[in-house]
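Here is the structure we will look at.
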Amino acid sequence: QYGIDSPHPSMVVSDILEQFPVLSHAGKFHAMLAASSIPEAVNYYHLFKQQAPKLHVTALFDPNIDNNEGATDKEDALTEIITDYNEAFGKEFVIPTWPAMKKDISSRLSHKSPYGGIATNRSQQLDLLIVVDQMLTGFDSKWVNTLYLDKIIDYESIIQAFSRTNRLFGPDKPFGVIRYYRKPYTMHGFIEAAVKLYSGDRPLDLFVQKLPANVKSMDTRYREILDVFSDSGESDLMQLPESVEARRKFAKEFVELNRYLEAAKVQGFDWSTTEYKVDSTDTDDTNEDNDEHGESEVVRPQIDERTYLILAQRYKELFDGNSDRGSDPDDDVNDNPEAPYELDGYLTEIDTGLIDTDYMNANFDKWLKALKEN
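With our numbering applied, the sequence shown corresponds to residues 53 to 426, in that order.
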């Protein structure tokens with residue numbers, strides 16, 4: 053079922069390649085794949101070379117060559133992996149200097165000296181590291197955000213392995229991602245047992261809520277924002293509310309909305325998708341009627357991309373005072389040199405160019421109409 057000669061490895065590689073652009077944030081973050089054995093790790097290495105030759109992939113495992121029938125294959129694999137790594141990154145490692153290569157890989161994955169500046173140099177970045185046991189303990193990097201598991205591990209090994217991804221890093225890494233491919237129901241049970249054992253049976257916020265729940269949370273914040281604008285007489289969202297209190301409430305809710313959105317994007321959220329199904333593992337609540345008829349709940353996002361960008365533009369105006377109301381020199385809001393809002397500068401990087409253009413066109417049409425009337 054899971055052997056090298058089965059369809060399983062190719063299916064795992066296909067899934068990783070399909071998810072990689074989203075999970076890696078277009079290559080910003082790196083990932084690890086843990087295989088069950090050295091032959092399986094080597095097989096994965098060959099599959100990635102064949103199916104994704106432009107991806108920077110390497111493998112780490114015990115380099116000792118034993119006197120058994122598989123020794124020649126292992127030595128050949130080590131030579132191939134080292135040669136490929138040297139060619140990709142301009143190095144000169146050999147099998148006897150394997151420990152130095154391991155140190156180089158660790159520094160490259162964690163962006164540490166001499167690789168402190170490779171965040172802006174994709175050619176020097178390692179996208180995926182394939183391991184068996186090495187690097188699953190004692191190593192962590194904020195630049196590694198995904199662990200793919202094709203092996204069965206339990207208890208302490210689970211906590212150690214999962215910790216490889218748990219260093220949060222800005223809005224693009226609100227959590228680490230674990231995808232396991234081998235005996236998922238068995239692994240689910242092992243994970244629950246490990247968490248129970250090492251938490252002293254205390255509830256922990258170890259796992260983030262799943263995609264449908266994040267969509268629901270986005271919509272909850274969206275409705276709060278609509279109420280703020282509506283209560284202020286700005287239900288069309290074309291300008292900020294007048295009062296400081298309303299603006300403060302909007303700022304708070306929009307930051308929260310965006311946090312759920314960033315989490316949802318990592319989990320596969322796309323503006324073009326109109327509904328998401330909630331399965332039995334997405335929530336602790338059970339719906340007896342749905343269970344009885346074999347149905348599942350469907351979550352349909354209430355906010356669309358255009359409305360989100362409009363809100364993002366309004367949020368930007370909290371910084372620069374570009375709203376119509378905020379431009380009044382007698383406005384109390386502008387009397388305060390420090391805006392009384394909890395503002396997140398990261399959100400000002402959202403591209404709202406389309407909304408800016410539409411807004412200008414709408415105002416131009418209003419100006420033409422007023423000109424004709426006069």
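Just so you know, even glycine gets a beta-carbon here, dropped at the ideal spot from N, CA and C.
Do residue 177 and residue 154 have their C-beta atoms closer together than 9 Å?
-> At a Cβ-Cβ threshold of 9 Å, residue 177 and residue 154 do not count as neighbours.
Determine contact between the region 284-298 and the region 313-324, defined as no fewer than three beta-carbon pairs at a distance below 8 Å.
-> Contact between the region 284-298 and the region 313-324 is absent, because fewer than three Cβ pairs lie under 8 Å.
Does the region 87-104 come close enough to the region 162-170 to have 3 or more Cβ pairs within less than 8 Å?
-> no
Residue 171 burial status per 10 Å Cβ neighbour count (16 or more: buried) | exposed
From the DSSP output, which residues share a beta bridge with residue 87?
-> 202
Extent of the continuous beta strand (DSSP E) to which residue 75 belongs = Premise fails: residue 75 lies in the alpha helix (DSSP H), 60-75, not in any beta strand (DSSP E).
Among residues of its own chain, excluding the 5 on either side of residue 266, which ones have a beta-carbon nearer than 6 Å to its beta-carbon?
-> Cβ within range, chain order: 312, 315, 316.
Where does residue 355 sit, in a helix, a strand or coil, going by DSSP?
-> coil
Which residues in the same chain have their Cβ closer than 8 Å to the Cβ of residue 326, if we skip the five residues on either side of it in sequence?
-> 352, 353
From what residue to what residue does the alpha helix (DSSP H) around residue 134 run?
-> 123-141
Residue(s) in a DSSP beta bridge with residue 330 = 349
With which residues is residue 231 paired in a DSSP beta bridge?
-> 200
With respect to the alpha helix (DSSP H) encompassing residue 157, which residues constitute its N-terminal and C-terminal limits?
-> Where residue 157 is concerned, the enclosing alpha helix (DSSP H) stretches over 150-162.
Within 9 Å, strictly: CB atoms of residue 180 and residue 72 = It is a contact, given that the beta carbons lie within the stated cut-off.
Under 9 Å, do residue 264 and residue 357 count as touching if we go by C-beta distance?
-> no
Which word fits residue 174, buried or exposed, when buried means at least 16 other C-beta atoms lie within 10 angstroms of its C-beta?
-> exposed
Bridge partners - residue 183, DSSP secondary structure assignment = 86, 112
For the alpha helix (DSSP H) that contains residue 277, what are its first and last residues?
-> Boundaries of the alpha helix (DSSP H) around residue 277: 263-283.
Are residue 199 and residue 229 closer than 9 Å when you measure CB to CB?
-> yes
Tell me where the alpha helix (DSSP H) around residue 309 begins and ends.
-> 296-318
Report all residues from its chain with a CB closer than 6 Å to the CB of residue 201; omit the five preceding and five following residues, and keep chain order.
-> Closer than 6 Å at Cβ, skipping near neighbours: 86, 232.
Nonlocal neighbours in the same chain, by C-beta distance under 6 Å from residue 134, ignoring five residues either side = The answer, listed in chain order, is 145.
Residue 108 versus 89, 88, 138, residue with shortest Cα-Cα distance | Residue 138 is the option with its Cα nearest to residue 108.
Burial state of residue 123, where buried means 16 or more other Cβ atoms lie within 10 Å | Under a 10 Å Cβ-count criterion, residue 123 is classified as exposed, with fewer than 16 other Cβ atoms of the shown protein chains found around its own Cβ.
Taking DSSP as the reference, what is the three-state secondary structure of residue 321?
-> coil
Measure the CB-CB distance between residue 84 and residue 183 and report whether it falls below 9 Å.
-> yes
Between the CA atoms of residue 305 and residue 382 - distance to the nearest angstrom | Residue confidence for residue 382 is low, a pLDDT of 43 falling below 50, so the modelled location carries little weight and cannot support an answer.
Roughly how many angstroms lie between the CA atoms of residue 38 and residue 268, to the nearest whole one?
-> No answer is possible for residue 38: it lies beyond the span of the chain, which begins at 53 and ends at 426.
Nearest to residue 130 by alpha carbon, out of 142, 147, 140, 141?
-> 147
Please confirm whether any heavy atom of the ligand GTP lies closer than 8 Å to the CB of residue 81.
-> For the structure depicted, the ligand GTP is absent and the ligand set is empty, with no information on it obtainable.
Whole-Å CB distance - residue 355 paired with residue 289, under 8 Å assumed = A Cβ-Cβ separation of about 11 Å leaves residue 355 out of contact with residue 289 under the 8 Å criterion.
For residue 159 versus residue 103, is the C-beta spacing smaller than 9 Å?
-> no
Residue 101 - DSSP class collapsed to helix/strand/coil | helix
Since I believe residue 367 is in contact with residue 298 (beta carbons under 8 Å), could you give me their beta-carbon distance rounded to a whole number of angstroms?
-> For a cut-off of 8 Å, the C-beta gap from residue 298 to residue 367 is around 13 Å, too long to register as a contact.
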